[in-house]
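Novice: Attaching a single structure in structure tokens format; questions to follow.
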Amino acid sequence: MFTPVFEQAIKVAEIPLDDFVEWSKEIEDKKKAPNTVLFTNTARCASTLFGSMLQHEGKSVVFAEAPVLAQLSGGQSEGLWSDEELEKLVPASIRAIRKNIPSNQICVIKTTSSEVKLVPYTKLMRNVKHIFMFRRNAVDSVEKSTYRSLGKYAHKLVTVYLTLYKFSPSWYNWTFGILSFSDGWLFRKLNPINIKEWSFIVWIAPYLSYRKFEDQFCYPIVWHHDLIKNTEVVLKGVFKAISEPGHGELTEDCIPKALGRLKVDSQSGTFLSQEALKSVPLTPYTDETKKRLKKYKRDVEDFSRPENFVTIHEFYESSDILKDEHWFLYVLDKDYAYFVLLPNEIAHYNIINYPFMFTPVFEQAIKVAEMPLDDFIEWSKEIEDKKKTPNTVLFTNTARCASTLFGSMLQHEGKSVVFAEPHVLAQLSAGQSERVWNDEELEKLVPASIRAIRKNVPYNQICVIKTLSSDIKLVPYTKLMRNVKHIFMFRRNAVDSVEKSTYR
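Heads up: the sequence shown at position 231 corresponds to 263 in the numbering used here, and the numbers run straight through without jumps.
Now the structure itself:
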């Protein structure tokens with residue numbers, strides 16, 4: 033639908049985003065919202081065909097590839113909007129798309145191949161269900177569609193695009209727009225170099241996102257081969273999953289009409305029609321390409337998921353044990369804070385004994401304790417409620433500036449304790465950069481982590497936390513903390529020294 037919406041536009045109206053979000057809520061305040069299905073998919077999986085099978089006059093309306101959702105998906109991947117903003121903008125956009133659909137019909141919004149990343153932002157919406165469609169071994173089909181999009185020199189253009197994006201994603205997005213790399217997170221991880229590898233990532237990225245959020249879907253994956261070979265069975269299952277009697281329902285009497293659409297090329301007349309794709313060439317699977325794709329598949333399987341790990345739980349214990357001087361905060365994830373039990377008191381792991389404390393904290397850990405993040409934040413406040421906090425210095429720096437030397441100069445037994453590069457702050461800094469946590473979360477997690485690090489330092493001593501070179505981004509999140517000062521260290525002309533350390 034993005035083509036006619038652009039070509040047939042008569043006028044344009046603009047509304048400030050805050051007003052748009054409020055307006056979108058108001059239009060549903062006084063009426064029942066239609067039963068809505070966000071239909072996400074991978075590329076070249078016959079999603080247009082399946083979407084056409086869900087369109088039934090008077091019962092459902094299917095919108096195919098509304099540009100606003102593709103834009104929001106690209107913006108999410110490239111950092112144009114934060115999670116907090118997307119939690120408002122994605123629901124607002126869906127409300128705007130479905131605003132004229134009667135409440136007794138189903139509104140199906142079929143997306144492009146990258147929008148499955150938007151699913152988590154719809155959690156609090158009324159009447160929104162999710163289905164996902166995938167196709168095995170579709171890399172060559174994706175490559176053909178890329179040739180149809182970019183022309184006969186697509187393989188060369190893709191190589192140029194990949195090189196430019198690798199050089200500077202922000203410059204590329206400013207110059208060419210955000211839609212080329214709507215799944216830029218995976219391009220940045222796997223670093224493809226040609227059109228075959230590009231096609232692999234475009235194909236697999238939606239599936240990886242789906243696996244992260246699959247508990248939000250109302251139906252198992254709709255497989256391409258099942259739709260073609262067992263069409264009626266698939267339709268019955270999906271119709272039942274997305275229907276709500278009296279509030280948008282597709283019944284079995286819709287199936288014959290849906291089956292008839294198998295006989296028609298759903299993309300007939302477009303640049304992706306079956307006829308147009310027949311004569312499109314493919315690049316060969318060279319030995320090098322096969323080797324790299326094999327590595328990609330291994331890398332993709334390396335994406336960690338909790339169900340891939342076996343852990344042994346010993347016992348539950350009061351969080352009071354974590355106040356002990358032998359327990360230290362190690363890392364956080366989206367759900368838990370992890371502490372480790374160490375053989376020595378925390379003060380032993382100062383910068384004189386350990387210039388990089390993340391090494392002994394990992395190597396000497398005896399036990400691990402986990403605490404839900406919300407409990408961790410409250411616990412960190414409670415441990416300072418009844419005592420005076422130590423004067424604390426967050427010592428940030430650039431790389432190779434002698435910060436370890438300077439940190440050692442600040443370590444004086446009985447007067448100060450310097451902790452060098454605790455892992456949790458490096459993790460929070462990287463998570464801020466890569467949007468693992470939003471600003472609202474970091475405003476809680478950064479102070480909580482600092483409170484946990486300094487918990488056993490006497491209030492009449494100085495606690496200095498020397499960070500990695502990237503952690504200065506965390507400074508704004510400490511604004512409301514008690515007794516936290518900041519110093520920063522830099523070195524002129526240190527590029528060669530940084531390069532040497534990279535070689536090491």
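Think of the CB as a built atom: it goes at the ideal place given N, C-alpha and C, for glycine as much as any other residue. A quick note: this is a predicted structure, and the numbers were derived from the prediction, not measured.
Under 8 Å: do the region 160-173 and the region 221-240 share three or more Cβ pairs, one atom per stretch?
Specialist: Cβ pair count under 8 Å is three or more, so yes.
Novice: Using 9 Å as the threshold, is the C-beta distance between Pro123 and Gln248 below it?
Specialist: Going by C-beta atoms, Pro123 is not nearer than 9 Å to Gln248.
Novice: Among Ser465, Arg524, Met513 and Arg514, which has the Cα closest to the Cα of Asp503?
Specialist: Nearest option by C-alpha distance: Ser465.
Novice: For Gln459, count the other beta carbons within 10 Å of its own beta carbon; 16 or more makes it buried, fewer makes it exposed. Which is it?
Specialist: Label assigned to Gln459: buried.
Novice: Select from Asp50, Pro508, Thr178 and Gly209 the residue whose C-alpha is nearest the C-alpha of Asp471.
Specialist: Checking every option, the nearest Cα to that of Asp471 belongs to Pro508.
Novice: Who are the near neighbours of Phe52 in its chain, counting only those whose CB is closer than 7 Å to its CB and skipping five residues on each side?
Specialist: The residues are Ala124.
Novice: State the CB to CB distance for the pair Val174 and Ala75, rounded to an integer number of angstroms; the pair is presumed to be in contact (CB under 8 Å).
Specialist: Val174 to Ala75, Cβ: 5 Å. Contact.
Novice: Starting from Met441, trace the beta strand (DSSP E) in both directions and tell me its first and last residue.
Specialist: That residue, Met441, is in no beta strand (DSSP E); its alpha helix (DSSP H) goes Ser435 to Met441.
Novice: Three or more C-beta pairs under 8 Å: does that hold for the region 421-432 against the region 512-527?
Specialist: Counting Cβ pairs under 8 Å, three or more are found: they touch.
Novice: Give the straight-line distance between the Cα atoms of Val456 and Val148, rounded to the nearest whole angstrom.
Specialist: Cα-Cα distance, rounded: 30 Å.
Novice: Taking 9 Å as the threshold (C-beta atoms), are Tyr242 and Gly216 in contact?
Specialist: Their beta carbons are not under 9 Å apart, which means Gly216 does not touch Tyr242 by this criterion.
Novice: Which residues share a DSSP beta bridge with Ser448?
Specialist: In DSSP, Ser448 forms a bridge with His444 and Ile494.
Novice: Report the three-state DSSP secondary structure of Met85 (helix, strand or coil).
Specialist: Of the three classes helix, strand and coil, the one that applies to Met85 here is helix, per DSSP.
Novice: Does the Cβ of Ser200 have 16 or more other Cβ atoms within 10 Å, making it buried, or fewer, making it exposed?
Specialist: So Ser200 ends up on the exposed side.
Novice: Out of Phe95, Trp55 and Ile485, which has the shortest C-alpha to C-alpha gap to Thr72?
Specialist: The option with the nearest alpha carbon to Thr72 is Phe95.
Novice: Which residues does DSSP list as the beta-bridge partners of Leu187?
Specialist: The displayed chain sequence assigns His, not Leu, to residue 187. For His187, which the question treats as bridged, DSSP gives no partner whatsoever.
Novice: Pull up the distance between the alpha-carbon of Thr430 and that of Gln108, whole angstroms please.
Specialist: Whole-angstrom Cα-Cα distance: 29 Å.
Novice: With Lys399 as the anchor, note down where its alpha helix (DSSP H) starts and where it stops.
Specialist: Taken as a continuous stretch (DSSP letters only), Lys399 belongs to no alpha helix (DSSP H), being part of the beta strand (DSSP E) at Lys399 to Pro404.
Novice: Could you tell me how far apart the beta carbons of Ala290 and Leu354 are, in whole angstroms, since I believe they sit closer than 8 Å?
Specialist: Going by Cβ atoms, the distance from Ala290 to Leu354 rounds to 58 Å, so no, they are not a contact pair.
Novice: Taking one C-beta from the region 437-448 and one from the region 359-375 each time, how about it: are there three or more such pairs within less than 8 Å?
Specialist: No, the region 437-448 does not touch the region 359-375.
Novice: Taking 8 Å as the limit between beta carbons, can you name the residues of its chain near Gln87, skipping five residues before and five after?
Specialist: Answer for Gln87: Val93, Val94 and Val140, listed in chain order.
Novice: Let me know if Arg130 comes out buried or exposed under the rule of 16 or more other beta-carbons within 10 Å of its beta-carbon.
Specialist: The residue in question, Arg130, is buried, as its Cβ has 16 or more Cβ neighbours within 10 Å.
Novice: Who does Phe427 pair with in a DSSP beta bridge?
Specialist: For Phe427, which the question treats as bridged, DSSP gives the partners Lys498 and Ile519.
Novice: What is the rounded straight-line gap between the Cα of Phe388 and the Cα of Lys62?
Specialist: Going from the Cα of Phe388 to the Cα of Lys62 covers about 60 Å.
Novice: Would you be able to state if there are at least three C-beta pairs under 8 Å between the region 202-210 and the region 259-276?
Specialist: Counting Cβ pairs under 8 Å, fewer than three are found: no touch.
Novice: Rounded to whole angstroms, what's the CA-CA distance from Thr68 to Ile415? Just pull it up for me.
Specialist: Looking at the two C-alpha atoms, the distance is approximately 47 Å.
Novice: Quick check: the Cα distance between Val450 and Cys250, rounded to an integer number of angstroms?
Specialist: So the alpha carbons of these two residues sit roughly 52 Å apart.
Novice: If you measure between the beta carbons of Ile236 and Thr191, is that distance less than 9 Å?
Specialist: Result no, Cβ atoms of Ile236 and Thr191 do not sit closer than 9 Å.
Novice: Would Lys498 and Gly439 be called neighbours here (beta carbons separated by less than 9 Å)?
Specialist: Cβ distance < 9 Å, so Lys498 and Gly439 count as in contact.
Novice: Does the distance from the CB of Phe82 to the CB of Leu259 come in under 9 Å?
Specialist: A contact, by the Cβ cut-off of 9 Å.
Novice: Select from Leu506, Val527, Arg324 and Pro99 the residue whose C-alpha is nearest the C-alpha of Lys517.
Specialist: Minimum Cα distance to Lys517 is reached at Leu506.
Novice: If I follow the unbroken alpha helix (DSSP H) through Ser529, where does it start and stop?
Specialist: Residues Val527 to Tyr535.
Novice: Taking C-alpha atoms, which residue in Asp352, Val393, Lys399 and Leu405 lies nearest to Asp365?
Specialist: The shortest C-alpha separation from Asp365 is found at Leu405.
Novice: Using a threshold of 9 Å, state whether the C-beta atoms of Val296 and Met165 are closer than that.
Specialist: Result no, Cβ atoms of Val296 and Met165 do not sit closer than 9 Å.
Novice: Nearest to Ala397 by CA position, among Leu294, Phe360 and Met521, is which residue?
Specialist: It is Phe360.
Novice: Could you spell out the range, first to last residue, of the beta strand (DSSP E) harbouring Tyr239?
Specialist: No beta strand (DSSP E) holds Tyr239; the alpha helix (DSSP H) holding it covers Ile227 to Phe245.
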